[in-house]
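Okay, structure first, notes after.
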Amino acid sequence: MSAPLFQQGQAQLRQKQYADAIATFTQVLESEPFSVDAYCQRGLAHYDSGNVYAAIEDYGKALEIDSKSAKAYYCRALARLSLKNVPGTMADVELAIGCDRTYAAAHKLRGIVHRKQGDIQAAIADFKVASGLYLDQKDADGARQCIDKIEEIRPKTPNPTAPITKAPAVPPPALSEKDYFTQILDRAKIGQLSQALSDINWVLQADPQDGKAYCCRGLVYCKQGNYQAAIADFNQALTLKFEDAITYRGRSKARLNLKDPQGAISDCNQALFLSPEDSDAYVARGNAYRGIGHNLGAIEDYAEALRLNGNNADAFYQRGLTYAGMKENPQAIADYQRAISLFCAQEEWFNYQQVLAQLNKLQPSAQKESYAPPKPPQTQHERLWQRLLELLGGNQDLARGIVRSTKSQYPGRSEEWYLETVILNLEEHMR
């Protein structure tokens with residue numbers, strides 16, 4: 072191994088110069104492509120910089136070279152735990168311990184996972200083993216930390232032989248707006264389905280036990296119309312314990328499109344059990360009710376969705392479709408008009424066009440003249456400029472100033488490139 076270069080990368084990592092450390096370890100790997108340590112160190116730099124999936128990919132490459140690397144399994148387990156992928160974490164930490172029974176940190180991590188799962192007795196057993204191993208290694212601080220963890224979770228009962236019951240599993244939180252997966256779904260929403268699938272497949276290649284990733288791909292498959300594949304992914308997400316409302320809601324959509332409205336209703340009920348305030352789940356169940364001809368039940372669900380979120384454009388659209396099917400055209404037209412305005416404000420142009428087509432079927436000529444739907448931006452430049460103004464609260468002077476500054480730094484690019492760059496930087500800063 073190129074020792075000076077490797078040591079340079081370690082020094083950069085200690086100094087939190089993550090981009091430099093990644094570049095240095097990449098140089099090491101160019102000359103020594105089978106260096107397990109270099110992959111692990113670069114993975115650590117990726118992890119510390121916040122790029123968890125790149126870290127998992129590097130640890131996986133290390134394991135392709137040496138399938139007995141306890142360190143690589145342990146590091147990947149830590150990365151998976153940061154993603155709340157408890158099954159994947161447990162699988163890796165078990166492999167780490169299998170490769171090295173004296174790996175104190177791995178026993179400690181397994182104790183942490185057991186504690187998360189509610190298995191207190193198993194957690195205490197692992198913390199005891201870890202503390203003993205730390206003492207053997209003359210690591211008093213490590214041993215003390217494990218003893219403290221035992222004291223934190225030791226049952227507070229006069230009868231030490233009383234059985235310990237597992238805590239109920241808590242469903243993971245819904246997808247965060249700041250989540251990597253949200254960016255993928257945003258891509259799918261604007262029609263970039265191939266790119267979205269490519270991104271999510273990369274995630275699953277890096278970590279095939281990520282339940283949230285399967286859920287995300289299921290949602291993209293739904294957008295694509297590949298409902299059988301979507302159901303398979305939602306089922307896999309549930310197998311991996313990603314029992315979130317969005318998983319059941321997504322599967323309900325796939326089931327409804329495969330002519331299984333009762334299964335769709337069942338999934339929506341489960342979604343609402345997990346998240347009673349989920350406006351979109353009420354819309355999904357309303358769609359399923361409409362699928363079995365229960366139009367009044369559908370309208371009640373759309374009304375509840377709008378009570379929870381008055382800007383739910385899809386609730387207006389779906390209720391409009393239901394009213395149109397019942398020949399109650401005035402109510403349908405009113406809902407379509409509201410949906411059009413909201414979809415335009417949210418820049419969901421595909422949905423905008425869909426609702427506009429439905430409205431034109433119902434609206435008499437006289438009404439068409441009196442109601443002019445909002446117009447979407449006609450060019451990519453207009454759409455980007457509108458997005459930039461939204462981010463800056465409509466401050467056009469500030470927007471022009473930031474674009475001018477970006478042009479001075481990167482001369483010779485297209486207007487769209489400058490706008491996209493500014494928008495991406497602002498969105499990243501807001502996250």
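Taking my numbering, the leading residue of the sequence shown gets 72, the next gets one more, and so forth. For every residue, glycine included, the Cβ atom is placed at its ideal position computed from N, Cα and C.
Kindly list the residues whose CB is nearer than 8 Å to the CB of residue i, restricted to its own chain and excluding five residues on each side of it in sequence; keep chain order.
i, result
"Gly368", "Gly357, Tyr360"
"Ile404", "Gly391, Leu430, Leu433, Gln434, Gln438"
"Asp119", "Leu84, Lys87, Tyr89"
"Lys187", "Val157"
"Asn306", "Arg322"
"Asn366", "Tyr360, Thr393, Gly396, Met397"
"Gln280", "Arg151, Asn156, Pro158, Gly159, Ala162, Leu311"
"Leu495", "none"
"Pro234", "For Pro234, the pLDDT reaches just 39, beneath the cut-off of 50, and the residue's location in the model is therefore unreliable, although a value from the coordinates is still provided. Result list for Pro234: empty, nothing under 8 Å."
"Gln78", "none"
Kindly list the residues whose CB is nearer than 7 Å to the CB of residue i, restricted to its own chain and excluding five residues on each side of it in sequence; keep chain order.
i, result
"Pro482", "none"
"Phe105", "Ile136"
"Val493", "Leu459, Ile473, Val474, Thr477"
"Ala148", "Thr160, Asp163, Val164, Ala167, Leu180"
"Cys217", "Lys179, Phe198, Ala201, Ser202, Tyr205"
"Ser265", "none"
"Ala352", "Ala316, Arg320, Cys339, Ala342, Leu343, Ser346"
"Ala196", "none"
What is the residue span of the alpha helix (DSSP H) that residue i lies within?
i, result
"Asp351", "350–362"
"Ser140", "Looking at the DSSP string, Ser140 is not in any alpha helix (DSSP H), and its letter there is neither H nor E."
"Thr97", "89–102"
"Ser485", "Here Ser485 belongs to no alpha helix (DSSP H), and DSSP marks it neither H nor E."
"Tyr394", "384–396"
"Pro401", "400–416"
"Thr160", "157–170"
"Thr318", "316–328"
"Gly262", "Segment: none, Gly262 is in no alpha helix (DSSP H) and carries neither H nor E."
"Gly334", "332–345"
"Lys179", "175–187"
"Leu76", "74–85"
"His117", "107–119"
"His365", "Counting along the chain, His365 falls outside any alpha helix (DSSP H), and DSSP gives it neither H nor E."
"Phe313", "Phe313 -> no alpha helix (DSSP H), and no H or E assigned at all."
Under 7 Å, do residue i and residue j count as touching if we go by C-beta distance?
i, j, result
"Val354", "Tyr388", "no"
"Cys293", "Lys324", "yes"
"Gly396", "Asp406", "no"
"Gln98", "Leu76", "yes"
"Ala335", "Leu329", "no"
"Glu487", "His452", "yes"
"Tyr319", "Gln341", "yes"
"Ala150", "Ser140", "no"
"Leu490", "Leu462", "no"
"Val274", "Tyr124", "yes"
"Tyr130", "Ala177", "no"
"Asp270", "Tyr285", "no"
"His185", "Ala193", "yes"
Any idea if residue i is buried or exposed, counting beta-carbon neighbours within 10 angstroms, 16 or more meaning buried?
i, result
"Gly159", "buried"
"Lys283", "buried"
"Asn272", "exposed"
"Lys142", "buried"
"Phe344", "exposed"
"Gln276", "exposed"
"Thr236", "With a pLDDT of only 35 at Thr236, under 50, the local geometry of the prediction cannot be trusted, and no value is derived from it."
"Lys220", "buried"
"Pro332", "buried"
"Gly364", "exposed"
"Thr173", "exposed"
"Cys415", "buried"
"Phe313", "buried"
"Arg409", "buried"
"Phe96", "buried"
"Asp278", "buried"
"Leu413", "buried"
"Gly262", "exposed"
Could you name the residues of the same chain whose beta carbon sits closer than 6 Å to that of residue i, not counting the 5 residues immediately before and after it, in chain order?
i, result
"Ser350", "Ala376, Leu379, Asn380, Asn383"
"Ala267", "Ile255, Arg258, Ala259, Val291"
"Tyr298", "Ala325, Asn328, Leu329"
"Ser346", "Ala316"
"Asp338", "Tyr319, Arg322, Ser323"
"Ala126", "Gly114, His117, Tyr118, Ala150"
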